[in-house]
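The structure appears right after this line, and notes come after that.
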Amino acid sequence: MKSKKFFYITAFIIVILILLGASYLAVSRYIHKVPSVSKDIIVEIPKGAGLKEISSKLKGSGVIKSDKLFILYVMSEGWQDTLKAGEYEFDKGSTMSDVASKIVTGDVLLYRVTIPEGLTVKEIAGLLNKKGVVEEQEFILETENKELLRELLGHGAISFEGYLFPETYSYSRSPKSQELIRLMVGRFKAVYEPLQDIGDKVSLTDNEILTLASIIEKETGAAFERPMISAVFHNRLRIGMKLDSDPTVIYGMGESYNGNLRRRDLREVTEYNTYVIKGLPPGPIANPGKDSIVAALNPADVNYLYFVSKGDGTHHFSSNYREHQRAVFKYQR
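Residue numbers for the sequence shown follow our numbering, so the first one is 113 and each next one is one higher.
As structure tokens, then:
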């Protein structure tokens, strides 16, 4: 009798264990294998949201079908305190485990914006505003943050002009202006620091190199010319000759520049007008790209002192004033 009872109890336990095992496998399969997301869905997880609020929002958005199962799964993995806020895009066919993993790792939806070479800080602010990234004035105000400037660039830079590297940047929804500035300066450092070795023969400070690079950037869009443009300015600096660069005049004019550069503008005294001052202006006039920085560090080995636009985006270079005057007559009459 006892043996029969023992047999039934044992059989019952075995059946229960089998059912539990089957249930576990079924639930595990559902979590890891069965698609939970029926279409691409974007959901924003707010800052400070807890597991219960997140699971409820995911269910309400159609990302998961069972908020209770999601809670149990996340807690079983010990992830309840590692869920990250942000905007997430859940792809069609994603499983519940895919959804949880994405939120745990903070794999937020990224947007992209391209900053072209040669823009000023104000132009970058305008572009970011136009693209809906940040407010223009907010960005400008953050670039005027002297504490941030000292933190990121030390005492060698007078402003962020020249140090916001032109690049395509990825960012999460609603970034802060300071976050973008840190991103751009970080990219500048990553590009600039390995280049410094090629400029060991150039006796300029980092700020002067960036200033020269920005002038080169604004003087020509033809990449192959940049080392020669650089050589002209290096040669002039070496002999104490004024740089006579139109872009520096325009930058110094600020809001008063209307697209027309007049002779009297060339005589206007500003700290950036290289027709008036000797040497380089106090800081960059734009944010140069890598090619212009390389050119500033490594000018061509030529004796040119002048260049004039040929009207096709390139320039004619001359070693003396008489030759330059002939070129001016030829290309700009």
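Where a beta carbon is used, it is the ideal one built from N, C-alpha and C, also for glycine.
Residue nearest to residue i in terms of C-alpha spacing, selected from the options
{"i": "Lys288", "options": "Leu253, Arg375, His267, Gly366", "result": "Leu253"}
{"i": "Ile397", "options": "Phe300, Ile328, Ala335", "result": "Ile328"}
{"i": "Ser150", "options": "Val211, Met296, Ser431, Tyr433", "result": "Val211"}
{"i": "Ser315", "options": "Ala408, Glu235, Lys164, Ile389", "result": "Ala408"}
{"i": "Pro400", "options": "Pro228, Tyr185, Gly352", "result": "Pro228"}
{"i": "Lys402", "options": "Gly364, Phe419, Phe277", "result": "Phe277"}
{"i": "Ser431", "options": "Val245, Tyr416, Phe251, Ile153", "result": "Tyr416"}
{"i": "Gly160", "options": "Asp203, Val175, Gly198, Asp179", "result": "Gly198"}
{"i": "His246", "options": "Val225, Leu231, Arg375", "result": "The question names His, but residue 246 is Val in the sequence shown. Of the listed residues, the one whose Cα sits closest to Val246 is Val225."}
{"i": "Lys234", "options": "Trp191, Leu260, Phe272", "result": "Phe272"}
{"i": "Ser148", "options": "Ile183, Ser209, Leu184", "result": "Ser209"}
{"i": "Gly205", "options": "Arg294, Met187, His144, Gly190", "result": "His144"}
{"i": "Val414", "options": "Gly366, Phe182, Arg348, Arg379", "result": "Arg348"}
{"i": "Ile351", "options": "Leu184, Leu378, Asp377, Lys390", "result": "Lys390"}
{"i": "Arg355", "options": "Glu367, Gly366, Leu378", "result": "Looking at the sequence provided, one finds Leu at residue 355 rather than Arg. Of the candidates Glu367, Gly366, Leu378, the one whose C-alpha sits nearest the C-alpha of Leu355 is Leu378."}
{"i": "Glu189", "options": "Ser213, Glu367, Lys171", "result": "Ser213"}
Own chain partners of residue i with C-beta closer than 8 Å, once the 5 adjacent residues on each side are dropped
{"i": "Ile166", "result": "Ile157, Leu195, Ile215"}
{"i": "Asn257", "result": "Gln290"}
{"i": "Ile405", "result": "Val303, Tyr304, Leu307, Ile321, Leu322, Ala325"}
{"i": "Gly268", "result": "Thr317, Asp318, Asn319"}
{"i": "Ala439", "result": "Tyr418, Val420, His428, Ser430"}
{"i": "Gly366", "result": "none"}
Own chain residues within Cβ distance below 7 Å of residue i, not counting five before or after
{"i": "Pro411", "result": "Pro339, Ser342, Ala343, His346"}
{"i": "Gly423", "result": "Tyr443"}
{"i": "Gly333", "result": "Gly425"}
{"i": "Thr362", "result": "Per the sequence shown, residue 362 should be read as Ile rather than Thr. Within the same chain, Ile362 has close Cβ partners Tyr369, Leu373."}
{"i": "Glu331", "result": "Ile341, Ser357, Pro359"}
{"i": "Pro394", "result": "Ile270, Glu383"}
Distance CB(residue i)-CB(residue j) smaller than 9 Å
{"i": "Leu392", "j": "Thr323", "result": "yes"}
{"i": "Val220", "j": "Ser284", "result": "yes"}
{"i": "Val146", "j": "Thr207", "result": "yes"}
{"i": "Leu173", "j": "Val155", "result": "Note on residue identity: the sequence assigns Ser, not Leu, to residue 173. Their beta carbons are under 9 Å apart, which means Ser173 touches Val155 by this criterion."}
{"i": "Ile153", "j": "Phe202", "result": "yes"}
{"i": "Phe251", "j": "Leu292", "result": "yes"}
Exposure label - residue i; buried when at least 16 CB within 10 Å
{"i": "Phe441", "result": "exposed"}
{"i": "His427", "result": "buried"}
{"i": "Phe336", "result": "exposed"}
{"i": "Arg479", "result": "Because the chain spans 113 through 445 in this model, residue 479 falls outside it and cannot be assessed."}
{"i": "Gly364", "result": "buried"}
{"i": "Ile176", "result": "buried"}
{"i": "Leu222", "result": "exposed"}
{"i": "Tyr433", "result": "exposed"}
{"i": "Gly244", "result": "exposed"}
{"i": "Gly230", "result": "buried"}
{"i": "Tyr200", "result": "buried"}
Chain-order list of residues whose beta-carbon lies under 6 Å from that of residue i (same chain, five-residue window excluded)
{"i": "Glu248", "result": "Ala237, Gly238, Asn241"}
{"i": "Val297", "result": "Leu264, Tyr275"}
{"i": "Gln192", "result": "Leu163, Val186"}
{"i": "Thr255", "result": "Val233, Phe272"}
{"i": "Pro436", "result": "Note on identity: in this sequence residue 436 is His, with Pro being the wrong assignment. If we look at His436 and ignore the five residues flanking it on each side, its Cβ neighbours are Tyr418, Ser430."}
{"i": "Lys171", "result": "Asp179"}
{"i": "Leu181", "result": "none"}
Margin query: Does the contact criterion of 3 or more C-beta pairs under 8 Å hold for the stretch 378-390 versus the stretch 297-313?
Written below: These segments do not touch.
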